[in-house]
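K.L.:
Each residue of the sequence shown is one higher than the last, beginning at 1 in UniProt numbering. C-beta: ideal position from N, C-alpha, C; glycine also. It should be emphasised that the depicted structure is a prediction, and the values quoted were computed from it without experimental measurement. Input: one structure, supplied below.
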Amino acid sequence: ELKDQHTHVKQRVAALEDQSATVMYTKHANSSQICSTELLHFLKWFCIRDGAMAKWLHENVPQNEPRMVKEVVKNCSPLLADRMPDFALESQGASVVSTRCSETYRTRSACVSFLGVPLWYPSENPRTVIQGQAVQAGKCWAFYGAQGTLVIALSHPAHITHVTLEHLPVSNAPTGRIDSAPKAFSVYVKDGTWLGTFTYDQHGGAIQTFQLAIYYFVELRVLSNWGHLEYTCVYRFRVHGHMASSSK
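Written as structure tokens, this is what we have:
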């Protein structure tokens with residue numbers, strides 16, 4: 001069976017090479033565009049069926065390939081954050097302990113009304129950050145200004161190795177900007193020990209993981225955002241590591 005799978009993968013690689021060799025390009029405004037969408041469809045199908053081939057694709061797709069092809073190849077690789085346990089996940093037992101003095105900002109992006117009369121404007125609370133929901137525009141905890149704090153009780157005591165901060169992708173933002181995204185942020189533990197200060201890159205991927213030793217609580221302190229004057233949004237925050245021995 002393994003031999004058959006190996007043969008199947010080799011056949012798919014050969015097919016990919018054939019597809020790549022026949023792709024045609026047109027030049028317009030100094031940018032390359034693919035004349036045929038066949039390769040894109042093939043790449044997407046191939047990534048879904050054979051995720052293990054992501055490494056091969058990364059090594060064999062030239063740097064000058066069109067952006068669309070490179071984006072598909074990039075998305076083949078399972079995200080580091082999705083390959084590690086998340087100790088800041090509410091469904092697993094984590095909880096929000098405090099937001100210190102950070103006040104929830106009501107964006108009024110949604111409205112509950114009756115017969116056309118606005119009744120109230122629902123807003124997301126801090127728990128949204130640890131609920132692990134699919135990211136949708138506006139489905140985040142927004143707080144006033146550019147600085148805010150969130151204290152999370154972990155689901156299990158853990159040796160923390162990484163943290164992940166997630167925001168809406170630029171491509172999904174209605175305005176084409178994510179200036180409400182956190183910029184600089186620090187991570188602390190319950191006794192005030194500083195684990196590190198990091199920068200969320202607004203031009204990077206939507207999900208960014210930072211490498212950072214048994215802790216029960218972590219505190220996220222957002223120090224600045226990417227320019228929004230009224231509020232900052234945190235869509236999701238994850239804490240990764242290894243569960244500590246119960247004897248410690």
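In this structure, does DSSP put Gln202 in helix, strand or coil?
P.N.:
Coil, per DSSP.
K.L.:
What does the Cβ neighbour count give for Gln33, buried or exposed, with the cut at 16 atoms within 10 Å?
P.N.:
Confidence in Gln33 is poor, its pLDDT being 44 and thus under 50, which makes the residue's placement unreliable; the coordinate value appears in the next sentence. Exposed: under 16 other Cβ atoms inside 10 Å.
K.L.:
With a Cβ-Cβ cutoff of 9 angstroms, do Leu80 and His162 count as a contact?
P.N.:
In this structure, His162 lies closer than 9 angstroms to Leu80 by Cβ.
K.L.:
List the whole-angstrom C-beta distance separating Ala158 from His242, where the pair is believed to meet the contact cut-off of C-beta under 8 angstroms.
P.N.:
Rounded, the Cβ-Cβ distance is 6 angstroms, consistent with contact.
K.L.:
Taking the beta carbon of Arg238 as the centre, do at least 16 other beta carbons fall within 10 Å, making it buried, or is it exposed?
P.N.:
That one is buried.
K.L.:
Are His167 and Val135 close, meaning C-beta to C-beta below 9 angstroms?
P.N.:
For His167 and Val135, yes; Cβs fall inside 9 angstroms.
K.L.:
Throw me the rounded Cβ distance for the Ile160 and Tyr215 pair, which I believe falls under 8 angstroms.
P.N.:
At roughly 6 angstroms, the Cβ-Cβ gap stays under 8 angstroms, so Ile160 and Tyr215 are in contact.
K.L.:
Can we say the segment 173-187 touches the segment 88-97, given the rule of at least three CB pairs closer than 8 angstroms?
P.N.:
Short answer: they don't touch.
K.L.:
For the beta strand (DSSP E) containing Pro157, name the first residue and the last one.
P.N.:
Here the beta strand (DSSP E) through Pro157 covers Gly148 to Glu166.
K.L.:
For the segment 96-104 and the segment 198-207, state whether three or more C-beta atom pairs, one from each stretch, are separated by less than 8 angstroms.
P.N.:
Taking 8 angstroms as the limit for Cβ pairs, the verdict is that the segment 198-207 does not touch the segment 96-104.
K.L.:
Under a Cβ-count criterion, where at least 16 other Cβ atoms within 10 Å of its own Cβ denotes burial, should Gly196 be classed as buried or exposed?
P.N.:
Answer is exposed; the Cβ neighbour count stays below 16.
K.L.:
Within the same chain, show all residues whose beta-carbon is closer than 7 angstroms to that of Ala184, passing over the 5 residues directly before and after it, in chain order.
P.N.:
Thr197, Thr199, Leu223 and Ser224, listed in sequence order.
K.L.:
Terminal residues of the continuous beta strand (DSSP E) containing Gln211?
P.N.:
Note, Gln211: beta strand (DSSP E), Ile207 to Gln211.
K.L.:
What separation, rounded to the nearest whole angstrom, lies between the Cα atoms of Trp194 and Tyr188?
P.N.:
Spanning the two alpha carbons is a distance of roughly 5 angstroms.
K.L.:
Under DSSP, the beta strand (DSSP E) around Glu219 begins and ends at which residues?
P.N.:
Note, Glu219: beta strand (DSSP E), Ile214 to Val222.
K.L.:
With burial defined as no fewer than 16 other Cβ atoms inside 10 Å of the residue's Cβ, what is the status of Ser245: buried or exposed?
P.N.:
With fewer than 16 other Cβ atoms within 10 Å, it is exposed.
K.L.:
Looking at Thr164 and His240, is the spacing between their C-beta atoms short of 9 angstroms?
P.N.:
Their beta carbons are under 9 angstroms apart, which means His240 touches Thr164 by this criterion.
K.L.:
DSSP three-state call for Val170: helix, strand or coil?
P.N.:
DSSP places Val170 in helix when its eight states are reduced to three.
K.L.:
Hey, Arg221 and Thr149: beta-carbon distance below 9 angstroms or not?
P.N.:
A contact, by the Cβ cut-off of 9 angstroms.
K.L.:
Are the CB atoms of Pro182 and Val234 within a distance shorter than 9 angstroms?
P.N.:
Cβ distance < 9 angstroms, so Val234 and Pro182 count as in contact.
K.L.:
How many angstroms separate the CA atom of Lys190 from the CA atom of Asn125?
P.N.:
One C-alpha to the other measures close to 22 angstroms.
K.L.:
Cα separation between Gln147 and Tyr231?
P.N.:
Roughly 9 angstroms between the two C-alpha positions.
K.L.:
Looking only at C-alpha atoms, which of His228, Trp226 and Phe217 sits nearest to Val151?
P.N.:
The shortest C-alpha separation from Val151 is found at Phe217.
K.L.:
For the beta strand (DSSP E) containing Gly241, list its first residue and its last residue.
P.N.:
Taken as a continuous stretch (DSSP letters only), the beta strand (DSSP E) holding Gly241 covers Arg236 to Met243.
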